[in-house]
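Engineer:
Protein chains: 2
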Amino acid sequence: MRLDVPRGLRDIEPEEFDKMEWLRKKFMETLDLFGFKKMEPSTIELLDILEAKSGPSIVDEIYYLRDKAGRELGLRFDLTVGISRYVCSRRDLEYPFKIGAFSSVWRYDEPQRGRYRWFYQWDAEIYGRPCVRSDAEIIELSKIYFEKVGLNDVRVELNDRRVVEEYIVNVIGVKEEEIINELLRLLDKTTKKREEEIILEYTLKGFPKKVVEGVLEMAKISGNADNVLSEIEGKGLRNTGDLRKIVEELEVRGIRDFCINLGIVRGIDYYSGIVYEFYDPTISRLAIAGGGRYDRLMQVFGRSDLSATGAAGGVERMLMVLDQRGLIRIDKRRRIFVAFVTEELQNRAQTIVTELRKRGYAAEMDIYSRELKKQLAYASKYSRHAIILAPREDRENKCIIKDLETGSEERVEYNRVFEKLGTL
Amino acid sequence: MRLDVPRGLRDIEPEEFDKMEWLRKKFMETLDLFGFKKMEPSTIELLDILEAKSGPSIVDEIYYLRDKAGRELGLRFDLTVGISRYVCSRRDLEYPFKIGAFSSVWRYDEPQRGRYRWFYQWDAEIYGRPCVRSDAEIIELSKIYFEKVGLNDVRVELNDRRVVEEYIVNVIGVKEEEIINELLRLLDKTTKKREEEIILEYTLKGFPKKVVEGVLEMAKISGNADNVLSEIEGKGLRNTGDLRKIVEELEVRGIRDFCINLGIVRGIDYYSGIVYEFYDPTISRLAIAGGGRYDRLMQVFGRSDLSATGAAGGVERMLMVLDQRGLIRIDKRRRIFVAFVTEELQNRAQTIVTELRKRGYAAEMDIYSRELKKQLAYASKYSRHAIILAPREDRENKCIIKDLETGSEERVEYNRVFEKLGTL
């Protein structure tokens, strides 16, 4: 039979797994540093819950299924929706409720090189009062995580959805909510399409060319925070308060590498305030993570009393950046290989292996009792040292400890083996 | 809207998550000790692959779905099937290929208390030649894992499928393969149903009462390995060679707490040789893990050249045992809380928090700028020490370090804070 994996899926093979495990560990450490709790929301959600976040069209972009009772379900497409459902369903949590996760998500996208329908995300969220310091906390946490894995020059690009909407209303002069939403959707396309294409598409849809051009002009307002804030306040915008606050908060935290970019909106679905994206110089056109405040989801979940902010990033994409920059080195754990020359020594070898493992050494021997040469050929791939049991040495109550890199050997009495290994 | 999780599912909430994370870490350490690689097979498999392991009726016991191209898929119901598919699809692996995983699986069972449709498994497999030492390696690995998490008196119950089949043929006198398979299925029921029920059920099906009783008698043959082996060899059984070998292998590894139990078959689907289950005294009727040799799956996957053996256990069930025995203590990481008395000191507090995190301390402050009393009430839940910034001390370039458990306070100069924390 054919041993295929379904289209868009793949196994996380040992080499990739070790790297992802390392990224996971670093993220968990970061959550600890910031006093975040950790959880994993349900992998399967009721379709209603997924639609609440992303609208009814989401069914085309997820793995949809019915259970045997006919309930409409979907595999989670991110971690935010499940964590938010959990938080909103509880009345006994203490705020600020700071929580993170590192887990699988599924999306039914067209597969591309390095992009699968099943992948991992890291995620950090704070629920409670609307408070810019929470946004700053999430941004600092993300930055520290990037630094822990070696990405020291990640840039933060900030924006505020209320500023964009105010700009469209007051500077461009569009007042109708439906049209504003269309223009926000347009903004999301500026990284993917050329300007002329966008202008053509929207003028064909009946938008005045001046309006489309105005939005594209706005999306280019980007740069040093003070300059951008002065420029847009000069145009009469009043909603810049939170951006001014977050700039101050980031500076207090020693974060310098940020700017304001009026082109960032992060989809139109539910963001309601400050939004941001993180860029690494290696792949400067694709954000490696992003986030923002999403009080609208709290409202849909019936919790207008709660405000929420958070960030998430794709683990495989981060891995791609790290691989390109050669930044991941997994330490092969120091193993000890125990070899034997003749079959009679096999049980003694096994006893030593068992004892080594009890003492916390990663230890192995040849399961198949192959000849010494084959044992050592295998050993040299994973182990720095081998303990070799040979008849002559054994008669003198000794074994050989061999350095597989240098080839040097030493005869050691059995009762001094562990002591000797401690010094290697 | 209703914020429900679909029936049979649940969120892994923070307290449970921390425990599962600890079990995960211990398992990964154990794999390292034994020189196993790690991977995660695809979460979604083609239905064919899942059926190859468990027959076409499996579709009723899994989450089944079709993708948008109409392909029949299922969420993996264990880790063995995906890892085996991966191994069988590769021609470039070196044997013995030792590999483990710790991940989610999904089963569409009737939910029960503590049993969900989405849960975690640990899993360790060895692929290569048929060799009893591989089985012993898996059993030792499992035992060491149990010991690492504090389960020191887990008992191993061993059996060999070939011995059971030989017993049915030679002692009970049934030769037809289809009937033998039915009787193996019967054996699987002995832990769930009373004897009289089973006899009634099978005699109604047309089985001679003597045959059913003979099988039930066989299932009671259990106890000290030497005694059982002598007893069944006395009945003329010849297939006891591997059981004799594994007994020797376990003894060499210092494993004493095992017996042979002819009632253990572990489902009929694909086991082909030695099988075993692990029992903890706390829930003595339910195995906490099990495994065995399953060459038949290799054959179905077109790799008759490969032999496979492995074990797996449910993580939630192990957690249940550990909770009952009070064996898990998650160390709350030592956090430092930074409090401030007046608003002007807030930014200074934030700077200290940021610096603490950079130095690897888990540190927090109040995001909401609440009054000192509320800050400290929160702090005392998660932190042992608080650094308090107060106007009078601040004027002298000092802050207060407070032990939140004893209430004792000390005034410390700002430039000596980190030095002081190092001594706490």
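Heads up: the sequence lines are chains A and B, in that order. Anchor point for the first sequence: position 166 equals 154 in my numbering, and the numbering is continuous, going up by one each time. Anchor point for the second sequence: position 77 equals 65 in my numbering, and the numbering is continuous, going up by one each time. Where is the CB? At the ideal position from N, CA and C, for every residue including glycine.
K25/B CB to nearest chain A CB: under 8 Å?
Structural biologist: Yes, K25/B lies at the interface with chain A (some Cβ there is under 8 Å from its Cβ).
Engineer: Which residue or residues does DSSP assign as beta-bridge partners of V309/B?
Structural biologist: None, per the DSSP bridge assignment.
Engineer: Strictly below 8 Å CB to CB, what residues from chain A border K56/B?
Structural biologist: Going along chain A in sequence order, the residues near K56/B (Cβ under 8 Å) are D48 and Y96.
Engineer: My assumption, with CB atoms under 8 Å, is that V120/A sits in contact with E237/A. Please give the rounded CB distance.
Structural biologist: So it is a contact: roughly 6 Å between Cβ atoms.
Engineer: Return helix, strand or coil for V162/B, following the three-state DSSP convention.
Structural biologist: Correct three-state label for V162/B: coil.
Engineer: Scan the stretch 173 to 223 of chain B and note each continuous alpha helix (DSSP H) run of 4 residues or more that stays entirely inside, going in chain order.
Structural biologist: Runs of the alpha helix (DSSP H) inside the stretch 173 to 223 of chain B: 183 to 192, 197 to 207 and 213 to 222.
Engineer: Could you list which residues in chain A have their beta carbon closer than 8 Å to that of S92/B, in chain order?
Structural biologist: Those within 8 Å of S92/B in chain A are T31 and S92.
Engineer: Should K208/A be listed as close to the ligand GTP, given that the test is whether its C-beta is under 7 Å from any heavy atom?
Structural biologist: Here there are no bound small molecules, and the ligand GTP is not part of this structure.
Engineer: Of all the options Y282/B, L409/B, C247/B and M353/B, which has the alpha carbon lying nearest to the alpha carbon of L217/B?
Structural biologist: Of the listed residues, the one whose Cα sits closest to L217/B is C247/B.
Engineer: From N249/B to L231/B, what distance separates their C-alpha atoms?
Structural biologist: Going by the C-alpha atoms only, they are around 11 Å apart.
Engineer: Return the first residue and the last residue of the beta strand (DSSP E) that F289/B is part of.
Structural biologist: Taken as a continuous stretch (DSSP letters only), F289/B belongs to no beta strand (DSSP E), as it is neither H nor E.
Engineer: Using alpha carbons as the reference points, say which of I243/A, R291/A, G194/A and L192/A lies closest to R73/A.
Structural biologist: The residue with the shortest Cα to Cα distance from R73/A is R291/A.
Engineer: Tell me which residue opens and which closes the beta strand (DSSP E) that V329/A is part of.
Structural biologist: Note, V329/A: premise wrong, no beta strand (DSSP E); not H, not E.
Engineer: In the structure shown, what three-state DSSP assignment does L34/B receive?
Structural biologist: In this structure, L34/B counts as strand in the three-state DSSP scheme.
Engineer: Given a threshold of 16 other Cβ atoms within 10 Å of its Cβ, counted over all protein chains shown, does S272/A qualify as buried or as exposed?
Structural biologist: Exposed: under 16 other Cβ atoms inside 10 Å.
Engineer: Label T31/A either buried or exposed according to how many other C-beta atoms from any shown protein chain fall within 10 Å of its C-beta, with 16 as the threshold for buried.
Structural biologist: Buried, because 16 or more other Cβ atoms sit within 10 Å of the Cβ of T31/A.
Engineer: Counting along the chain, where does the beta strand (DSSP E) carrying E145/A start and finish?
Structural biologist: That run of the beta strand (DSSP E) goes R143 to D148.
Engineer: So who's on the other strand from S295/A, going by DSSP bridges?
Structural biologist: For S295/A, which the question treats as bridged, DSSP gives the partners G116/A.
Engineer: Closest by CA to D141/B, which one among Y133/B, R241/B, V157/B and D245/B?
Structural biologist: Ranking the options by Cα distance to D141/B, first place goes to D245/B.
Engineer: State the beta-bridge partners of N249/B as determined by DSSP.
Structural biologist: S210/B.
Engineer: Is any beta-carbon of chain B found at less than 8 Å from that of M306/A?
Structural biologist: Not closer than 8 Å to any Cβ of chain B, the Cβ of M306/A fails to qualify, so no.
Engineer: Residues of the stretch 115 to 126 of chain B with a CB closer than 9 Å to any CB of chain A: list them in chain order, please.
Structural biologist: From the stretch 115 to 126 of chain B, only G116, R117, C119, R121, S122, A124 and E125 have a Cβ closer than 9 Å to chain A.
Engineer: Buried or exposed for L11/B, please, with buried defined as at least 16 other CB atoms from any protein chain shown within 10 angstroms of its CB.
Structural biologist: That one is buried.
Engineer: Which partner residues of A351/B appear in the DSSP bridge assignment?
Structural biologist: Answer is I324/B, bridged to A351/B.
Engineer: Looking at the C-beta of S45/B, does it have a partner C-beta in chain A at a distance below 8 Å?
Structural biologist: S45/B does not count as touching chain A.
Engineer: Flag this pair as touching only if the stretch 111 to 127 of chain A and the stretch 82 to 95 of chain A have three or more C-beta atom pairs under 8 Å; answer yes or no.
Structural biologist: Yes, since at least three Cβ pairs between the stretch 111 to 127 of chain A and the stretch 82 to 95 of chain A fall closer than 8 Å, the two stretches touch.
Engineer: Check each candidate in A351/A, K408/A and E331/A and name the one with the smallest Cα separation from I340/A.
Structural biologist: Among A351/A, K408/A and E331/A, the Cα nearest to that of I340/A belongs to A351/A.
Engineer: Leaving out the 5 sequence neighbours to the left and right, which residues in its chain are closer than 7 Å to L38/A when beta-carbon positions are compared?
Structural biologist: So the qualifying residues of the chain are I46, I50, G62, F65 and V69.
Engineer: Touching or not, the stretch 193 to 210 of chain A and the stretch 153 to 171 of chain A, by the rule of three or more beta carbon pairs under 8 Å?
Structural biologist: Contact holds: three or more Cβ-Cβ distances are below 8 Å.
Engineer: Would you decide whether G148/A is buried or exposed? Buried here means 16 or more other CB atoms lie within 10 Å of its CB.
Structural biologist: Going by the sequence as given, residue 148/A is Asp instead of Gly. The residue in question, D148/A, is buried, as its Cβ has 16 or more Cβ neighbours within 10 Å.
Engineer: According to DSSP, G280/A sits in a beta bridge with which residue or residues?
Structural biologist: Per DSSP, V263/A and G298/A.
Engineer: Pairing CB atoms from the stretch 376 to 386 of chain A with CB atoms from the stretch 305 to 324 of chain A, are three or more of them under 8 Å?
Structural biologist: The stretch 376 to 386 of chain A is not in contact with the stretch 305 to 324 of chain A.
Engineer: DSSP three-state label for R380/A, please.
Structural biologist: If DSSP states are grouped into helix, strand and coil, R380/A belongs with the helices.
Engineer: In whole angstroms, what is the alpha-carbon distance linking G301/B and L274/B?
Structural biologist: Rounded to whole angstroms, G301/B to L274/B spans 11 Å at the Cα level.
Engineer: Assign D391/A to buried or exposed, taking buried as 16 or more other Cβ atoms, counted over all protein chains shown, within 10 Å of its Cβ.
Structural biologist: The residue is exposed, with fewer than 16 neighbouring Cβ atoms inside 10 Å.
Engineer: Identify which residue in R336/A, G348/A, P2/A and K136/A has its Cα closest to the Cα of A378/A.
Structural biologist: Ranking the options by Cα distance to A378/A, first place goes to R336/A.
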